[in-house]
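Anchor point for the sequence shown: position 101 equals 641 in this note's numbering, and the numbering is continuous, going up by one each time.
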Amino acid sequence: MNFLRALPCLFLAFGLRAQTPGLEAVVRGGGELTLDGIPYRLELASVASIPARSGLPPLIRLTGRLVPEEPARAFDLELSVLKNGTLYLLRVVRQKSGGYPDSWAATGKTRVRFTRLEDRSGGRLELACSGPLTGVIGRKPRNATWHGSLWAELP
């Protein structure tokens, strides 16, 4: 009988996910980043322009993969930047099979700034990234720098 209680929760979860505000779709975009001395290219999966809500200012969210020359070593990227240019979230993770994930995170000195922001349908955004990152690679703490630029076109 307990499975009957979970069924409405499941429908509610899918319903709320379908109603999330913002404009999100698969878009054109890319870019080049150097992370810890290794060049990566961005394969953009989605970009979203999310309006202000619940006290949080409007933001831009990018998701995709950072792919080096050896694709097996790619990282998943999630980057959220407030429209005033403040870095809100940076998540760079590589999940290994049956092991501890490799990950990078922003520090207080990590910088992301808009070099171009056309916040409208069909608009283009460009970001410049630089500064130090901290992470856990191979279960050992590491520090690195990153620099480069990313771009995307809003749907």
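No residue lacks a Cβ here, since even glycine has one placed at the ideal position from N, Cα and C.
Host beta strand (DSSP E) of residue i (start-end)
i, result
"Arg653", "651-657"
"Gly571", "569-575"
"Pro579", "578-590"
"Phe594", "Strictly speaking, residue 594 in this sequence is Ser, with Phe absent from that position. Counting along the chain, Ser594 falls outside any beta strand (DSSP E), and DSSP gives it neither H nor E."
"Glu666", "664-677"
"Gly688", "680-693"
"Tyr628", "627-634"
"Thr603", "599-607"
Exposure of residue i, with buried meaning 16 or more beta-carbon neighbours within 10 Å
i, result
"Leu573", "buried"
"Tyr580", "buried"
"Leu596", "exposed"
"Ala558", "In this predicted model, Ala558 has a pLDDT of only 41, less than 50, meaning its place in the structure is not dependable enough to derive any value."
"Ala588", "buried"
"Gly569", "buried"
"Gly675", "buried"
"Ala592", "exposed"
"Gly662", "exposed"
"Gly678", "exposed"
Rounded C-alpha distance that separates residue i from residue j
i, j, result
"Glu610", "Leu630", "23 Å"
"Ser670", "Gly625", "13 Å"
"Arg613", "Arg660", "34 Å"
"Asp576", "Thr685", "6 Å"
"Pro681", "Tyr640", "13 Å"
"Arg664", "Leu690", "11 Å"
"Ala585", "Gly571", "13 Å"
"Lys623", "Pro672", "22 Å"
"Ser637", "Leu657", "38 Å"
"His687", "Ile578", "11 Å"
Identity of the residue in the options nearest residue i by Cα
i, options, result
"Glu618", "Ala645, Leu665, Gly688", "Ala645"
"Leu667", "Ile578, Val632, Asp616, Ser620", "Ser620"
"Ala692", "Asp616, Lys636, Phe654, Asn683", "Phe654"
"Leu694", "Gly688, Leu599, Gly638", "Leu599"
"Asp616", "Arg601, Tyr628, Leu627, Val632", "Val632"
"Tyr628", "Arg601, Gln635, Gly688, Leu657", "Arg601"
Three or more C-beta pairs closer than 8 Å, one from the segment 596-613 and one from the segment 646-653: is that the case here?
no
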